[in-house]
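Asks: According to UniProt numbering, the sequence shown is numbered sequentially starting from 1.
Even glycine gets a Cβ: it sits at the ideal position worked out from N, Cα and C.
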Amino acid sequence: SQQGCDPFAQTQRSKLQHRRARINQQINKEMRMRAGAENLFRATSNHKVKETVALELSYVNSNLQLLKEELEELNSSVDVYQNDSESISVPMIPLGLKETKELDLLTPLKDLISEHYGEDGTLFEKEIKEFMELRQAMRTPSRNEAGLELLMEYYNQLYFLDSRFFTPNKSLGVFFHWYDSLTGVPSHQRALAFEKGSVLFNIGALHTQIGARQDRASLPGLNQAIDAFQKAAGAFNYLKENFSNAPSLDMSSASLNMLVRLMVAQVQECVFEKMTLLRAQHDFLSRLQLAQEAARVEDVYSLVHQTMTQAHVKDYVPFSWTTMVHVKSEHFKALSHYFAAIALCDCPAASDAELPEQEKAFIQFHVTMPEGPSLRILLQDPEERRKLGKAHLKKAIMKHEEAMRIHGLCKILRKMDILQEVLSFAHKRSLSKYSEIDHEEDFFETGDAPDIHPKTHQKPEIKSPNFSQVKVTDLFHRLGPLSIFSAKNKWYPARRVHLMRGENGFGFTLRGDSPVLIAGVIPGGCAAEAGLKEGDYIISVNGKDCKWSKHAEVVQLLKSTGEEGVEICVITLQGSEGPKAVDKKATAMSSGGGMLKSNKENNRKSLMNSKSASTLLVWSKKSKRSKKSTYSVPFTAVGDNEVMY
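(1) Curious, which full-length alpha helix (DSSP H) runs of at least 4 residues does the stretch 86-164 contain?
(2) Does the Cβ of E269 have 16 or more other Cβ atoms within 10 Å, making it buried, or fewer, making it exposed?
(3) Counting beta carbon pairs with one atom in the stretch 228-246 and one in the stretch 196-216, are three or more of them shorter than 8 Å?
(4) Between R511 and the ligand MG, is there a pair consisting of the residue's CB and a ligand heavy atom that are separated by less than 6 Å?
(5) Sort R287, Y301, E241 and Q306 by Cα distance to H337 and report the nearest one.
(6) If V327 and A403 are in contact, beta carbons under 8 Å, what's the gap, nearest whole angstrom?
(7) Where does N344 land, buried or exposed, given buried means 16+ other C-beta within 10 angstroms?
(8) May I ask you to list the residues that DSSP assigns as paired with residue 647?
(9) Just reading off the beta strand (DSSP E) that A519 is part of, what are its end residues?
(10) Quick check on R501: does DSSP put it in helix, strand or coil?
(11) Give every residue of the same chain whose Cβ lies closer than 6 Å to the Cβ of S171, excluding the five residues on either side of it in the sequence, and list them in chain order.
(12) Cβ atoms of C569 and A494: under 7 Å apart, would you say?
(13) At 3 residues or longer, what runs of the beta strand (DSSP E) sit wholly inside the stretch 172-257?
(14) Sorted by chain position, which residues of the same chain lie with C-beta nearer than 8 Å to G118's C-beta, five sequence neighbours on each side aside?
(15) In angstroms with no decimal places, state the Cα-to-Cα distance between V521 and D162.
(16) For R376, which residues from the same chain have a beta carbon less than 8 Å from its beta carbon, with the 5 sequence-adjacent residues on both sides left out?
(17) Less than 7 Å between CB atoms is the rule here; does I93 satisfy it with respect to chain D?
(18) Which one of D120, T140, L95 and P91 has the shortest CA to CA distance from residue 648?
(19) Near D536, which residues of its chain fall below 6 Å by C-beta distance, leaving aside the five closest residues on each side in sequence?
(20) Between which two residues does the beta strand (DSSP E) holding L510 run?
(21) At the level of alpha carbons, what is the spacing between N466 and I203?
(22) Counting only the same chain and skipping the five closest in sequence on each side, list residues whose C-beta sits under 8 Å from that of L423.
(23) Out of curiosity, what's the CA-to-CA distance linking K387 and C347?
(24) To the nearest angstrom, how far is the alpha carbon of T276 from that of L290?
(25) Check the C-beta distance from V174 over to L105 and give it rounded, since I have them as a contact under 8 Å.
(26) Alpha carbons only, please: which of A37, S218 and Y238 is nearest the one belonging to V199?
(27) Spatial neighbours of T481 within its chain, please: CB distance less than 6 Å, with the 5 preceding and 5 following residues excluded, ordered by chain position.
(28) So E436 is in the alpha helix (DSSP H); what residue range does that whole segment cover?
(29) Taking its Cβ as the centre, do 16 or more other Cβ atoms sit within 10 Å of R32, making it buried, or is it exposed?
(30) Quick check on C5: does DSSP put it in helix, strand or coil?
(31) For E402, report the span of its alpha helix (DSSP H) as first-last.
(32) Which residues in the same chain have their Cβ closer than 7 Å to the Cβ of A294, if we skip the five residues on either side of it in sequence?
(33) DSSP on T456, reduced to helix/strand/coil?
(34) Thinking C-alpha only, which one of W548, V516, S329 and G543 is nearest E534?
(35) On the three-state DSSP scale, how would you describe T276?
(36) Label D84 either buried or exposed according to how many other C-beta atoms from any shown protein chain fall within 10 Å of its C-beta, with 16 as the threshold for buried.
Here is the structure:
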């Protein structure tokens, strides 16, 4: 079986998927019933009918509500992907993988190989089956590096499939079916870009699952989580920038934008956790820094919350996600005020020596300067510090309560005891600190503490997928070099030519390799007599396949012929006869349909910097043909290093 494939992962996910799809069918059915009932309600003037219809409508609507809640609960089954560590970590949001239907390419590809390449399609069954097995395996990637490599391998293999079998104006005639990762709604398209985009989405989703599984109570776990969420952000961002017109909502620009921001926020939260883990020292400046980190996390989650509540995204994103993001933004705001208070109240007042450094840090700490005495007095007077600390705690407690209130509004999150525990622990900690510094004889009104200026020591990076890390070999390598034998090229049926060798050799000049080109034919020579033309490619000599052969190898085969002559098989590219051929090809490539297009996707000149002939992806004809032969063969050399035989 394939490495990186985990068929058991399928069972849990496909149960979810089937339930999702079933609920969506029921929702669609109820929607149709509702539409019918509404039409009837509008059309009838009979009161009795109107009453019956109204009753049915209210029944349908409450049904819809329940179904949507059930779907909602499925979509936020975050626990499938969380780790089993004892320590309390706030849950992160992972994404489910997009599911796809099985795809049978055996007949379509065999037919195309026969039609387009003029080869016997049945001879390629092994390669086609190997491709289909790879596709089958990548439907259930394991949640680790091997699973990611499996998806990458398939993604890279699609590059070859595209070059070999998809022409700009003709598709394979098969549909790629994929389900929306959040709603389970199916979509299908003939465009290979939809398949590529969906695999790319799954690369991102798998990274989110790997990130959510890490034990973030340890430094290595935190670093792995940061890496995973940064790579997830990179995959969704790459998808957003390179593919357009996706038929499913999860791949729309608005959704992807939201997912990129969500991943960046999760990275920022890990950075905060990392800092609390690393900062054992409890000095004033470290605590100010923690408060600013928390404010930064609040900042990014607020942005995600805004993005999730926009028109195109609001009805689509699970309510539990929106709530969790909202809860986190309030929670981290509370933490920023809590750490500000701790810095002021638990650290000794600044000595004269410490004052300049503390003053400098404190000037940039608040969004607006706190009211009251000058900074110098504030930092050196314990009573003034306590006053401001108390104001920060008051704000922290308000925000903790707000976070707990929002958390309580979502049925699904209420079941998540971990989050509940974290929120109430933080709330109790702030309350006990408040009662500890609150003096009975305080007669002053606790002021309003200004917010903390967000600042981080580690900015999240959006890490684009590195496709070249997984090397693949073109499965359909036997069809010949891609520079010639591709879907976009057409050639006339292969011609078999019997060639005798005259006194002056064969009478042609050869150039390049893989495949070798007949660059010129001498009028009246043997080659001309046999019907060879300039621009013919030699694909076999005496029955030996020469599509991949180097120049010297073909020359050797030709030279070893005796009296009886040699059988050569050649092809001519269509459109290579006239000077306008190049323009024709350019227009053919630029015409795109209204399907999911992969804009920049197809311009990635070389996907993998690989040396082996079979994986070298040559896009421009120029680089291919410039390797002209320089053999010192005892024939008259014809200009420009072409050699005459």
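Replies: In short:
(1) Whole alpha helix (DSSP H) segments, 4+ residues: 106-117 and 125-138.
(2) Residue numbering aside, residue 269 sits at position 269 when the sequence shown is read from its first letter. Buried, since its Cβ has 16 or more Cβ neighbours within 10 Å.
(3) The answer is yes - the stretch 228-246 touches the stretch 196-216, with three or more Cβ pairs under 8 Å.
(4) As presented, the structure is devoid of all ligands, the ligand MG included, so that no description of it is given.
(5) Numbered from 1 along the sequence shown, position 337 holds the residue referred to as residue 337. Ranking the options by Cα distance to H337, first place goes to R287.
(6) Here residue 327 refers to the residue found at position 327 when the sequence shown is read from its first residue. Here residue 403 refers to the residue found at position 403 when the sequence shown is read from its first residue. Confirmed, Cβ separation roughly 5 Å.
(7) Position 344 of the sequence shown holds residue 344. The sequence given here places Leu at residue 344; Asn does not occur at that position. With at least 16 other beta carbons inside 10 angstroms of its own, L344 counts as buried.
(8) Residue coverage of the chain in this structure runs from 1 to 645, which leaves residue 647 outside it and unanswerable.
(9) For the purposes of this step, residue 519 is identified with residue 519 of the sequence shown, where counting begins at 1. Its beta strand (DSSP E) spans residues V516 to V521.
(10) Against the sequence shown, residue 501 aligns to sequence position 501. Three-state DSSP puts R501 in coil, outside helix and strand.
(11) Locating residue 171 in the sequence shown gives position 171, counting from the first residue. Closer than 6 Å at Cβ, skipping near neighbours: R190.
(12) For the purposes of this step, residue 494 is taken as the residue at position 494 of the sequence shown. For the purposes of this step, residue 569 is taken as the residue at position 569 of the sequence shown. With respect to C569, A494 sits close: the two C-beta atoms are nearer than 7 Å.
(13) You should have 176-179 and 186-189.
(14) As a working note, residue 118 is residue 118 in the sequence shown. Closer than 8 Å at Cβ, skipping near neighbours: P493 and A494.
(15) For this step, residue 521 is matched to residue 521 along the sequence shown. For this step, residue 162 is matched to residue 162 along the sequence shown. Going by the C-alpha atoms only, they are around 35 Å apart.
(16) Taking the first residue of the sequence shown as position 1, residue 376 is located at position 376. Cβ neighbours of R376 beyond the five flanking positions: L355 and E359.
(17) This model lacks chain D altogether, as it is built from one protein chain only.
(18) Residue numbering for the chain in the displayed model covers 1 to 645; residue 648 lies beyond these limits and cannot be assessed.
(19) Along the sequence shown, read from residue 1 onward, the residue named residue 536 stands at position 536. Sequence-distant Cβ neighbours of D536 in its own chain, meaning closer than 6 Å and more than five residues away, are I518, V570 and T572.
(20) In the sequence shown, counting from the first residue as 1, residue 510 sits at position 510. Under the DSSP assignment, L510 falls in the beta strand (DSSP E) whose first and last residues are F508 to R511.
(21) Sequence index remark: in the sequence shown, residue 466 carries index 466 (1-based). Sequence index remark: in the sequence shown, residue 203 carries index 203 (1-based). Using only the alpha carbons, I get a separation of about 11 Å.
(22) One-based indexing of the sequence shown puts residue 423 at position 423. Once the five neighbours on either side are set aside, the close Cβ partners of L423 are V327, H331, H400, A403, M404 and H407.
(23) The count along the sequence shown starts at 1 and reaches residue 387 at position 387. The count along the sequence shown starts at 1 and reaches residue 347 at position 347. Approximately 14 Å, taken between the alpha carbons.
(24) Residue 276 sits at position 276 when you count from the first residue of the sequence shown. Residue 290 sits at position 290 when you count from the first residue of the sequence shown. Roughly 7 Å separates the two Cα atoms.
(25) The count along the sequence shown starts at 1 and reaches residue 174 at position 174. The count along the sequence shown starts at 1 and reaches residue 105 at position 105. At roughly 7 Å, the Cβ-Cβ gap stays under 8 Å, so V174 and L105 are in contact.
(26) If you number the sequence shown from 1, residue 199 lands on position 199. Per the Cα distances, Y238.
(27) Here residue 481 refers to the residue found at position 481 when the sequence shown is read from its first residue. A quick correction: the sequence has Pro, not Thr, at residue 481. Taken in chain order, the residues that qualify are S514.
(28) Locating residue 436 in the sequence shown gives position 436, counting from the first residue. For E436, the enclosing alpha helix (DSSP H) starts and ends at D417 to I437.
(29) In the sequence shown, counting from the first residue as 1, residue 32 sits at position 32. Residue burial annotation: R32 is exposed, with fewer than 16 other C-beta atoms found within 10 angstroms of its C-beta.
(30) By one-based count along the sequence shown, residue 5 stands at place 5. Of the three classes helix, strand and coil, the one that applies to C5 here is strand, per DSSP.
(31) Locating residue 402 in the sequence shown gives position 402, where the first residue counts as 1. In the DSSP assignment, E402 falls within the alpha helix (DSSP H) that extends over P382 to G408.
(32) Mapped onto the sequence shown, residue 294 falls at position 294. Here the set comprises F272, F332, L335, S336 and F339.
(33) By one-based count along the sequence shown, residue 456 stands at place 456. Assignment of T456 by DSSP, reduced to helix, strand and coil, places it in the coil class.
(34) Within the sequence shown, numbered from 1, the residue matching residue 534 stands at position 534. Of the residues W548, V516, S329 and G543, the one whose Cα lies closest to the Cα of E534 is V516.
(35) Taking the first residue of the sequence shown as 1, we reach residue 276 at position 276. Reduced to three states, the DSSP call for T276 is helix.
(36) Looking up residue 84 in the sequence shown gives position 84. Below a pLDDT of 50, predicted positions are generally treated as unreliable, and D84, at 44, falls in that range; no measurement from the model is reported.
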